[in-house]
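Presented below is the structure to which this report refers.
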Amino acid sequence: MRDVRRSLYAASGAFALVAAGLAVPVVAGAQAQGGSTEYLVLVEQGADRAQALAAVKAAGGEVVKENANLGTITVRAASSGFASQVSASGAVEGATRSRPIGQLPRAKPAQIEQENRGQGAKSKSAAKGSKSLDPLDAQLWGLKMVRSDLARKVQPGKKQVKVGVLDSGIDARNPDIAPNFDWKLSRNFASDLPEIDGPCEFRGCVDPVGWDDSGHGTHVAGTIGAAVNGLGVSGVAPNVSLVEIRGGQDSGFVFLGPVLDALTYAGDVGLDVVNMSFYVDPWLYNCTNNPADSPEAQLEQRTTIRAMQRALNYAHKKDVTLVGSLGNNHEDLGKPRTDISSPDFGDVPPYPRPIDNATCVDLPVEGAHVIGVSALGPSSKKADYSNYGVEQAEVSAPGGWFRDYFGTPDHRVNENLILSTYPVNTLQADGLVDAAGNITPAGVTGGVQKQCKPGVTDYTKCGYYNWLQGTSMASPHATGVAALIVSEYGKKGRGNSFGLDPDRVRNILLGSAQERACPNPPLVSYANEGRPAEFDALCEGNRSFNGFYGHGIVDAWAAVTRY
C-alpha cells in the first residue's frame, strides 16, 4: 500500500493473527453489531474472561480477536460511549481506541527525517571505499562512530541471534537485506487502512511479509543488519537475522493493538532484541489523569499505559532486549512542554495539554525495560531535534543532523544524515526514481544511490539507498550493538534456543559506551542552525552520565571485547 502522508507511522489490528498461541480469533454472534471504531479492551488481571466478553457484548461490541497472553480483546463498536460502558464492568480494567475506522487521522509531519529534501542540499565529493567494507560504507560515518567497523573483526553477529524490527515493514527484495531476512519468523500485525494509507495493493488490505511502502522500517533494518556482501552498505551487526514484526502503517501512524501483538509475538518466538522507533498514537504523551483531558480520554490513556506495560513486561520476561528512540520533539522528556499535537486522530482535534512528568509517559520509550537512545550528528553533538534528559537518555548513537557543522562546507549536506537501505517502490512514489529504475534529478539532489550486482539488469533486483535523520536512525545503531552483545556472550538454552538475559545486555551496552561530557557551556543554542529558542537545550549531569549522551555513545568494539 502506498502511503499518502508519510513520516512513519500508523497501525491497526483488525485481522486474526497468524501466530500460533498469540491471539485467539473469536467469531461474533449474529446479534453483534458492527461499528465505526476499533477498541482494545484490557481484561482485569485474574478476572473471569467470560464475564469480560459478556461486558463487551452488553456494551454493543463485536469481538474481532483476543490476545490471551496479555489479556486484551480487540473489539469493533460504535464510537459513542463504548469505552466508558464496558469499563464499568469489574472484569474490565479499561478500554481504548485501537485504530480509526472510516475516519481520516490528521497528518503527521515528516520534516525532521527528510529535512534534506527541498532544502538546497548538496553532496560531498565521492568518498573512497574501503577494501574491508561494502562499497558505500565509506559514507556511513555512524558505523565508525560506534566502532562497528572494528567490532566485526571480532564479532560480526550470529545468524541465530534474531532482531525484531517493529516498524512499517522491511523490503526483503533489497540484496543487502535478503541474506539476513528471516521469512519463517516474520509477521505483519497491521492491516492497511485505505482512508489513511491509500488504495489497498494486496488482498485483504494486508501487505505481505517482506514489503514496505513507507521506507522507514527498511532503513532501520539496514542500519541494524545489512549484510556484508560486496554491495551497497553493511549494518552494525551484519550477520544477525532480521525479523519483520510490522506494527506500523504506511501512512505514519502506530496504533496500540498491533504493537501489543508484535511484542507478545517477539517474546513467544524468542526474538533477542526488538527495535522500536516510534510512539504509540494518538497521544504523544499518555497521562493517567490529565485535567485537560475528558474522562473518556483519561480512561483511554490509562488503558494504553497499562496495556503497554503488560506487553513490555511480557517481552522482557521472555528475554527480549527492548530498544527505543527518544523522539524528535527537541525537548527534555523529564521536563516536557505543553503537548499541542494530540490526539492525532478521532473526532476531537488536537488541543493544548500541559504535561505532568510524574503522571504522563511517552510510550514505548518511557516504559519499563526500554533502553532510550538520543541522536547525534557526525560531529558527535546532540542533534537539534533530538529529545534528551537525565530521566530517559540511557545511551546516544548516530542519528544524523543535516544542520551539523555550521560555518563549514559540510553544513547542510546529505552526508550528515544516515544512509541505509530503502525500497525502490517508495522512491518511485516520491519521484526520486523513475519507472525504469533510474535515479531522477530530484533523487540525485537528495543523494539517492543505486547498486547492482554485475550482470543484473532488472532494477528490482538492485539495491537502493537513501538518507534519513532522526532518533529513529539512532535507535537501530544501539540495537545493532545489542545484537552483537547477544552474539558474543549469549548462551545455548533448551532445544535450539540461544540468548542472553536482557538486563545483562543493558549492563554491557551502557557500561561499554564511550563517555562524553556535556558541552561547555551546558546550555546549547541552535540559533546559528536556524532554530528558535524553543530548541535551546540544557545538558545536565557529568561525564559519566548526562542528559545529552546518557552513559555515552554506544561502542560495538568495547561491547564485544571488554566483558
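Sequence positions in the sequence shown follow mature numbering (1 follows the signal peptide of the UniProt record, and there is no 0) and run -32 to -1, 1 to 531. Even for Gly, the Cβ is constructed at its ideal location relative to N, Cα and C.
Taking the CA atoms as reference points, Leu21 sits about 12 Å from Leu8. Around the beta carbon of Thr232, a 10 Å sphere encloses 16 or more other beta carbons of the protein chains shown; the residue is thus reported as buried.
Counting of Cβ neighbours within 10 angstroms places Thr191 among the buried residues, the total reaching 16 or more. In the structure shown, the three-state DSSP call for Asp139 is coil. In this structure Ala18 is exposed. Its beta-carbon is surrounded by fewer than 16 other beta-carbon atoms within 10 angstroms. Measuring C-alpha to C-alpha distances from Ala234 to each of Gly220, His187, Thr289 and Thr271 identifies Thr289 as the nearest. Linking Asp300 to Cys507 through their CA atoms gives a straight-line distance of about 9 Å.
When rounded, the separation of the alpha-carbon atoms in Lys286 and Glu212 is 18 Å. DSSP places Asp218 outside both helix and strand once states are collapsed to three, so it counts as coil. Its chain contains Leu8, Glu268, Thr271 and Thr272 as the residues whose beta carbon lies nearer than 6 Å to that of Thr64, once the 5 sequence neighbours on both sides are disregarded; these appear in chain order. Under the three-state reduction of DSSP output, Glu264 falls in the helix class.
Between Thr42 and Glu6, the alpha-carbon positions lie close to 7 Å from each other.
Across the set Val133, Leu224 and Val222, the C-alpha of Val133 shows the shortest separation from the C-alpha of Gly185.
Beta-bridge annotation (DSSP): Ser293 is paired with Val341.
For Phe149, the secondary structure class from DSSP, reduced to helix, strand or coil, is strand. Between Asp312 and Pro250, the gap from beta carbon to beta carbon is short of 8 Å. Put simply, the segment 219 to 227 touches the segment 145 to 164. At least three CB pairs are less than 8 Å apart.
The residues Tyr390 and Val416, in chain order, have a CB closer than 6 Å to that of Asn434 in the same chain once the five nearest residues on each side in sequence are set aside. Contact holds between the segment 321 to 335 and the segment 242 to 256, because three or more Cβ pairs, one in each stretch, are under 8 Å apart.
Residue environment for Gln82: buried (at least 16 other C-beta atoms within 10 angstroms of its C-beta). Here Ala404 is exposed, its C-beta having fewer than 16 other C-beta atoms within 10 Å. Using a Cβ distance threshold of 8 Å, Val338 and Asn243 do not count as a contacting pair.
The shortest CA-to-CA distance from Leu101 to any of Gly198, Gly367, Val401 and Gly39 is the one to Gly198. Distance from the CA atom of Gly431 to the CA atom of Ser182, rounded to whole angstroms, is 16 Å. Note: Ser209 is bridge-paired with Lys130 in the DSSP secondary-structure output.
Nearest neighbour of Tyr494 by Cα position, chosen from Ser388, Arg380 and Arg371, turns out to be Arg371.
Counting other Cβ atoms within 10 Å of its Cβ, Trp151 stays below 16 and is therefore classed as exposed. Looking only at Asn37, Leu38, Ala45 and Gly39, the smallest Cα-Cα distance to Val31 is reached by Ala45. The Cβ atoms of Ile386 and Met441 sit closer than 8 Å to each other.
Going by DSSP, Lys112 is part of no beta strand (DSSP E) but of the alpha helix (DSSP H) stretching over Trp109 to Met113. Inclusion of His298 and Pro366 in the CB contact set at 8 Å is not warranted, their separation being larger than that value.
Scanning its chain for C-beta atoms nearer than 6 Å, with the 5 sequence neighbours on each side dropped, one finds around Glu483 the residues Arg511, Ser512 and Gly520, in chain order. Taking every protein chain shown into account, the CB of Ile323 has 16 or more other CB atoms within 10 angstroms, so this residue is buried. The way I'd put it, the segment 349 to 363 doesn't touch the segment 141 to 148; fewer than three beta-carbon pairs between them come closer than 8 Å.
Rounded to the nearest angstrom, the Cβ distance from Ala260 to Arg305 is 13 Å, too far for a contact under 8 Å. Beta-bridge partners of Gly367 (DSSP): none assigned.
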